[in-house]
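To start, the structure under review is shown below, and the notes come after it.
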Amino acid sequence: MSLFLPWRRALPAALLALSALGARAQNEPVKYGKVDAKLFDPAQYPSAAGAPAVVLCDYGTSRIEGADDGFRVVFDRVTRILVLTKAGYEQATVQIPLYHREADEEKLLNLRGATYNLVGGKLQKQELDPKSVFSEKLDQYHNRRKFTLPGVREGSIVEYAYTIKSDFVFNLQDWQFQRDIPVEWSEYRAVMPSFYQYKQIQHGFLPYKAQETDVVPYHTTYHASSKDGYGTHLTESGNTSTLTTKALRCRWVMEHVPAFREEPYMTTARDYLAGIDFELDLIQFDPAQPHPVTSTWEKISAELTKAEEFGAWISGRTPLTAQAEALATTYRDPATRAAAVQALVQQAVRYNGQERLYATQPLRRVLEQQRGNAAEVNLLLVRTLRDAGLPCWPVLVSTRSHGQVFTELPLLSQFNYVVAAVPLAEGPELLLDATESAAAAGTLPGRCLNGQGRLVAPAGRWLPLTPRQKFTRVTTARFSLDEQGQLQGNLHREYAGYAGLAERNQLAELGEKAYLGALQKQYTDCQLRRSALNQVDSLSKPLVLDVDLTLPALDAGPAQVYLPLLQFFTDRQNPFQPDTRIYPVDFGTQHEDVLSVALTLPKGYAVEELPKNLVLSLPNGDGRYSFEAVLRDNVLYLNSRLQLRKTQYQPSEYPGLRELFTRALAKHTEPLVLRRTR
Amino acid sequence: MNYFSSLLRGALGAGLLLGAAGARAGADPHWPVAAIPAALRENAHAVIRQQDDIITVKGAGRLVHTIHLVATVLDEQGERYGAAVVGYDKLHQISYLRGSVYDADGRLIRSLRAADTKDYSAHDGFSLFTDNRVRVSDLRQARYPYTAEFEYELVSTNTLAFPAWSPQEDEHVSVEHATLRVVTPPELPLRYREERLPAGSAVAQSQQGALRVYTWQFQLLPAVEREPYSPPLAELVPTVYTAPTAFEVQGYPGALTSWQQLGQWGFQLTQDRMTLTPETEARVKELVKGVDDPRARARKVYELLQSSTRYVSVQLGIGGYQPFPASTVASTGYGDCKALSNYCLALLKAAGVESYAAWISAGRQKAAVRTSFPNDQFNHVILCVPLQADTVWLECTSQTEAFGYLGSFTGNRHALLLTPQGGKLVRTPANAALDNRQYRRAEVQIDEQGHGRATVRTTSTGEQQDELAQIMHQLPADEQRKQAYQRLALPAVTIEQSSWQQNHRGAQPVVTERLTLALPSYASRTGRRLFLTPNLLNRLPPPAPRVGARQAPLQLATPFVDADTIRFRVPAGYKPEAVPAPVQLRTAFGSYEAQTQVLPDGTVQYTRRLQMPAGRFEAKEYEAYEDFRQRISKADRAQLVLVHPES
């Protein structure tokens, strides 16, 4: 598999239509209820080793058919799973989420299930009792059906099948080839009539076993209560119309799909899991009259600007307008003014944790409740920046938990978040977000560090969200050793950029007392005499921690003192414990960790041995670690610096990254050896 | 709303006059922050200004609980008091839920509206289905401090579960004033138990017409902070436990003045649910044919249960107490703790072995059962098999647990046996330190660069194997490896080989772990010296830093003994320059020995043994415990220095 494939691939519908080169009709890979004794031997399934269960076959089909006053999607699924160990029992419990909105709904039909056991070579079947299928209301728009199959043991095969009829033709049912257990065979087929053209969004990077498309004749009947305006393809027969055209028939297959595992430093699992989503792109009942559904970014931008829950939501004056206008005269410099406006909005509204693209309640109500979702907080920010006389536009963002964006796919559903952009006289736009009270103006929260955002402006374009700020920690310590072998000194640490944001968030969560209390935990052996935080509220500056501390008496040999000085200031855990990595390491930011220690030696001590200087680099200078120890007069200077210059590292680069951390940590444990000269 | 709250407060009498007057006047401030006594702001994220609970017993099968809660949120960490989170289910209905929020000066910001309240499924994360739901009314504000006031009423038809009254259920929350009022008909007198009540807050009894009234009030309780290694907060704060004398749940009446009666009720729920089909009975009889020893029979039955059932939880109404019939479990092969225990009981009966379901409060570090106050203190069911020589306890929800082993989830606590004669409170077995062993041997080869390669064999028993056994049974192979990395907690290590084996033959379950490890730079090298920490894998962290003078008792939860023997082969030519001195500590909290020896052949041998008891110690002993832990931590990290003579 290539490591440089993009995680998600968008295939334009037109391209697919061109490549329709007569795929043969395929037999179905599984028939519900046709389980035989041969299927039970796990040795025949290569992907099953070490797994609690394996999906033998997961088979889904989607087709469009006529319904009352329109069309609907009919989705059929058959899933067959072999349970290998007790840990695999949970695979026999199945949840089916169902969506509904106003009169439209997804309806579950024809649910069946059974467990098969091989007892003394004989096949026993036990059916799912329809009474033990539970229905649960999740929220306003979602219900969930839940059931568990009876009689499950180690070695059982469980099988279930169902149909979902959906009024939501805008989305064909999506399909995931990969799950938390291995899948031997996963197949999805879709028949999409020429009047509905869908765009496909593919996730993950596993190869297809088969990917076929052809064109087939298509007809369906539908019931009209009033005359429709689409025209020529319809032939009336009473209230029922028959529609004849051609359809695109697609088939996707994956085989021996490994189980999916989350790893640290990832964006949403959906970016990595092998799967396909669909979005309706074009409605075309008459070739002469195509109705584009997802047309262009320009149109999306224009529509959003007018939308009640977006552009129009900030069309009027707000309770913050007067204060914003006052800021316009107080602060001349646009960047400073923008920071003041951001602070004003932060004081008025808190973020409720919901990543949203639209406002869900009136602006006045948001201000009254003092809480809002991301769109509400940041659209208010856009408006208030404008009120302060700054040109400002919303930027559409997909957060890390929502997934990667494709610039070539003009779909609003790719986004789930809004930030604000203020153009500056020089350099790139200033990006602002008022959802985090600890974030300085121009520092987007970590969740937004995900590719590019779309500027919603008359001249819309893509803005890189890659931050200029790094995750930076700079520690300077000065110590002196007294003749009794005790170390006293102070530590000055600056958390800048994203490190500052992370620490300020931590501080807000714990409170200052508990935050400083936790330091004692970190510096176990040291006695902290005084600790203080500075620049807590100066968000554009680093957060500063100053600590005065005493280190305990040192380990000593007969004539030597051994001093692992850097170890006192180092995190002792390697963030990359596992020896392998499947997916890229996506930090979101660059990193820099600098540590400089000056140690003043008293009379009567001399340096016997110092750790060796060291420079390590990743290929292309993508990462670097350096260490240096210098003695000048009676002062010993130790400098350590770790830099990660990329925000994302490929799995092939992982061993190097892990080694860099390992060697850096090892360096910090190397003691200085001092000798008593008297 | 104002009218209602003034009525409510008026009814509550003393101490509330000021608030009531304020409500009448309308424009006067409500709960201004300035009125909070300074002592209550100390160490607090929220202050409960006023909490009034009224429990009205309407009959044996119905009670009404009204709650009025006013809390000032001082900072972000106190935010949970800015919203009301009210759970309900088939047996608990919400009649109303109102609220208002005031600014720091006590001016009304706004009242609760329909849009502030959301309704969710309160899924517990493991059940297939429950009817538990939750209503969340959110009045949280962007600026602190502010004060949120909520009033709501719950009508309960589960009168077995009377509320426990403990206004201070969180750390860092102080209480200005709180009252509890229970109104009950004379034929249903209240049972109650007061624990850790401040002086002067004991019950006051009165009459209200024919009804009996019990009231309590707390004033000026400062915020508490949980200290490390202390008992659960529920065992430290003032609490009034209440219980009925008689109750009824969905048509099942019971009496509750003794454990015997509660057990009687529980037993009666299972009565007609223990019948098996003739085929199942015949299958069991076949299984135990020729096995005379009842313990061996029980083991066979338990193995059958483990191989043919699994845990699936469905909790609806009385189903929270009453098991599915044994015949249902036999056909579906699944059930929850009640259903599986009841099914196992029925299987054992078919095998001619008597057993009893036992209600228990499961979980690590649960508050102890209040034995002198019979009420529903349980959340789980296990099975008790009394035998001639000893008693066997069976955890019926696990398909992998050793026969007769309880572990930290249900061991060492009280359980209520449901017998035909009623309930009996008995204790489950407690493990001693020697039951919870971790014995380790390792051979480590260190090369000239300081890199190490180790083979490690670790045998864990009893509660020390609980987590390992779970990892073994519940995780696929790749995840087991990730867990192994986490457990090693070394800055640089690669696991080259790993295996885990379980053995259920002995008195305690055993897991043996074998690892082969590459340890880059395990020994640090500076010039001609090698620095080596002989304690390879078992470094006890130093004690959590103390917050002020110790208040709570010290609680040591699990007794254990660890023994490590590690042998290092070091590169030729290196001689010891500094060897850690042997350490021997003997205290009430345990004993510790560690020694590093350089053997004549140049091998370094490290031995360490740590044994600690379970138990509770007075707060004043905490300092000595801290000192013990500190000494261990220091000794565990001691380094050996080897030097190569200059060439």
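Chains as they are written, first to last, in the working numbering: chain U, 113 to 790; chain A, 548 to 1194.
Even glycine gets a Cβ: it sits at the ideal position worked out from N, Cα and C.
Any chain A beta carbon closer than 8 Å to residue i
i	result
U:Gln236	no
U:Ala553	no
U:Gly601	no
U:Asn686	yes
U:Pro557	no
U:Pro579	no
U:Val509	no
U:Glu782	yes
U:Phe246	yes
Contact with chain U by residue i, beta-carbon distance below 8 Å
i	result
A:Leu1077	no
A:Phe676	yes
A:Ala689	yes
A:Asp622	yes
A:Tyr635	no
A:Ser668	yes
A:Arg917	no
A:Gln869	no
A:Gln946	yes
A:Ala572	Model confidence at A:Ala572 stands at a pLDDT of 38, short of 50, so the residue's coordinates are unreliable and nothing is read from them.
A:Thr1073	yes
Listed by chain order, chain A residues near residue i by CB distance under 7 Å
i	result
U:Arg373	Asp1025
Closer than 8 Å at the beta carbon, the chain A residues around residue i
i	result
U:Gln632	Pro1092
U:Thr774	Pro1038, Ala1039, Pro1067, Ser1068
Option in the options with minimal Cα separation from residue i
i	options	result
U:Pro687	U:Phe773, U:Gln679, U:Ser278	U:Phe773
U:Ala386	U:Ile293, U:Ala450, U:Gly423	U:Ile293
A:Gln985	A:Leu930, A:Val1058, A:Trp940	A:Val1058
A:Gly629	A:Thr613, A:Tyr635, A:Ile656	A:Ile656
U:Asp393	U:Tyr717, U:Arg192, U:Leu493, U:Ile313	U:Ile313
A:Thr762	A:Tyr788, A:Ser684, A:Pro1160, A:Arg588	A:Tyr788
U:Glu595	U:Leu497, U:Lys715, U:Leu622	U:Lys715
A:Gly999	A:Thr1005, A:Leu972, A:Val1040	A:Val1040
Amino acids of chain A, ordered along the chain, whose beta-carbon sits closer than 9 Å to that of residue i
i	result
U:Pro474	Under the 9 Å cutoff, chain A gives no residues; its nearest Cβ is about 10 Å from U:Pro474.
Interface residues of chain U facing residue i [CB-CB closer than 7 Å]
i	result
A:Tyr1032	Gln689, Pro690
Cross-chain neighbours of residue i in chain U, by beta carbon under 9 Å
i	result
A:Leu1022	Pro164, Ala199
A:Pro1089	Lys633, Thr636, Asp637
A:Val1003	Within chain U, no residue comes near A:Val1003; the closest Cβ sits about 17 Å away, beyond 9 Å.
Identified DSSP bridge partners for residue i
i	result
A:Gln1030	For A:Gln1030, which the question treats as bridged, DSSP gives no partner whatsoever.
U:Val166	U:Leu194
U:Thr173	U:Asp188, U:Arg301
U:Lys234	U:Val231
A:Asp1109	A:Gln985, A:Leu1157
A:Asn922	The partner list for A:Asn922 (beta bridge, DSSP) is empty, contrary to what the question assumes.
A:His615	A:Asp599, A:Glu698
Under 8 Å by beta carbon: chain U residues contacting residue i
i	result
A:Val859	Thr205, Thr260
Q) Using a beta-carbon distance cut-off of less than 9 Å, what residues from the stretch 701-723 of chain U approach chain A? A) Glu720, Glu721, Leu722, Pro723
**Q.** Contact set between the stretch 460-484 of chain U and chain A, restricted to residues whose Cβ is under 9 Å from the partner
**A.** Ala460, Val461, Arg462, Asn464, Gln473, Arg477, Glu480, Gln481, Gln482, Arg483
Q) Name the residues in the stretch 876-897 of chain A whose C-beta lies less than 9 Å from a C-beta of chain U; which are they? A) Ser878, Thr879, Gly880, Tyr881
(Q) To be precise: take each residue of the stretch 624-648 of chain U, compare its Cβ to all Cβ atoms of chain A, and keep it if any distance is under 7 Å. Which residues remain? (A) Gly629, Gln632, Lys633, Thr636
Q.
At a CB distance below 9 Å, what residues from the stretch 580-602 of chain A approach chain U? Give them in sequence order.
A. Asn590, His592
Q: Could you list the residues in the stretch 715-747 of chain A with a C-beta less than 7 Å from some C-beta on chain U, going in chain order?
A: none
Q) Which residues, in order along the stretch 263-274 of chain U, keep a beta-carbon less than 7 Å from a beta-carbon of chain A? A) Gly263, Val264, Arg265
**Q.** Residues of the stretch 839-864 of chain A with Cβ closer than 7 Å to any Cβ of chain U, in chain order
**A.** Ser854, Ser855, Arg857, Val859
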